[in-house]
Amino acid sequence: MNKALLAALLAGAASLALAQTPTKVGIINIQQAIIATKDGQKAAGELQTRFDPKKKSLEALQGSIAALQQELAKGSNTMAEAKRTQITRDIDQKNKELQRASEDAQAEFEQEQNKLLNDLGGKLMVVIEKYARDNAYSLILDVSSPQTPVLFAANGVEITREIVELYDKNAPSTLPPAPKPAAPAAAPKPAAAKPPAAAKP
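Just so you know, numbering that gives the first Met the number 0 puts 160 at position 161 of the sequence shown, and the rest follows in order with no gaps.
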């Protein structure tokens with residue numbers, strides 16, 4: 000075989016192999032995508048509703064502290080020393096209680112939020128992998144993480160919106176199964192009673 004022809008055939012084969020290898024790169028904001036999905040919005044709303052009683056309890060405690068501070072300020076010149084001392088102690092005690100309750104509520108909220116992100120994140124990864132295979136992507140980077148070394152990215156490589164649309168289209172409401180069984184039955188009453196009990200500490 001002619002060497003020139005052989006070289007041309009080899010070059011053509013190499014070009015074909017290169018063309019068949021995925022070379023596209025995309026970026027996605029995973030956190031934004033999770034929140035933007037219908038499941039994410041619903042779960043976030045349910046999470047907020049669950050923690051509303053604790054939020055109101057903390058706000059009530061803050062109001063109680065403010066009332067005591069106002070009482071102390073108004074009677075600073077006429078109030079008996081014993082009364083002033085007692086109110087000051089009450090304010091200190093309630094401030095400590097508020098700080099502990101706030102830290103506990105924040106820690107619990109973040110724990111539940113992380114569970115939600117991990118659950119939906121795992122489901123979203125399935126969609127991302129399929130999207131990458133179907134659209135010949137060789138690399139997709141998550142730009143929601145500060146550790147991702149992306150200094151510049153053209154607008155055309157952002158796939159967050161496409162992934163959200165694909166998720167909502169192919170995975171309609173996969174998260175609700177857990178809350179639904181509790182909703183129809185008499186479970187809502189215990190569910191509403193639990194948060195206030197947890198909010199008392």
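Note that CB positions come from ideal geometry on N, CA and C, so glycine has one too.
Report the option in the options whose CA atom is closest to the CA atom of residue i.
i: Ile64; options: Gln98, Ala79, Glu128 and Gln40; result: Gln98
i: Ala43; options: Glu109, Lys55 and Val142; result: Glu109
i: Gly25; options: Arg160, Thr36 and Glu70; result: Arg160
i: Asp167; options: Leu119, Pro148 and Gln105; result: Leu119
i: Leu67; options: Phe151, Glu80, Asn94 and Asn76; result: Asn94
With residue i as the anchor, note down where its alpha helix (DSSP H) starts and where it stops.
i: Ile34; result: Ile29 to Ala35
i: Val163; result: Thr159 to Asn169
Tell me, please, which residues DSSP counts as bridged to residue i.
i: Lys23; result: Tyr136
i: Asp89; result: In the DSSP output, where bridge partners are listed per residue, Asp89 has none listed.
i: Asp141; result: Ile27
Below 8 Å on the Cβ atoms is my contact criterion, and I expect residue i with residue j to pass it. Report the Cβ-Cβ distance as a whole number of Å.
i: Val126; j: Ile86; result: The Cβ separation is near 58 Å, so there is no contact.
i: Glu111; j: Leu46; result: 6 Å
i: Leu239; j: Ile29; result: A question about residue 239 goes unanswered here, because the residues of the chain that appear run from 0 up to 200.
Residue i: buried (16+ other C-beta within 10 angstroms of its C-beta) or exposed?
i: Ala39; result: Checking the sequence shown, residue 39 turns out to be Gly, not Ala. Answer is buried; the Cβ neighbour count reaches 16.
i: Gly121; result: exposed
i: Pro195; result: Model confidence at Pro195 stands at a pLDDT of 41, short of 50, so the residue's coordinates are unreliable; what they give is reported in the following sentence. Classification of Pro195: exposed, given that the 10 Å Cβ count is below 16.
i: Ser56; result: buried
i: Ala204; result: One cannot answer for residue 204 here, as it falls past the ends of the chain, which runs 0 to 200.
i: Leu138; result: exposed
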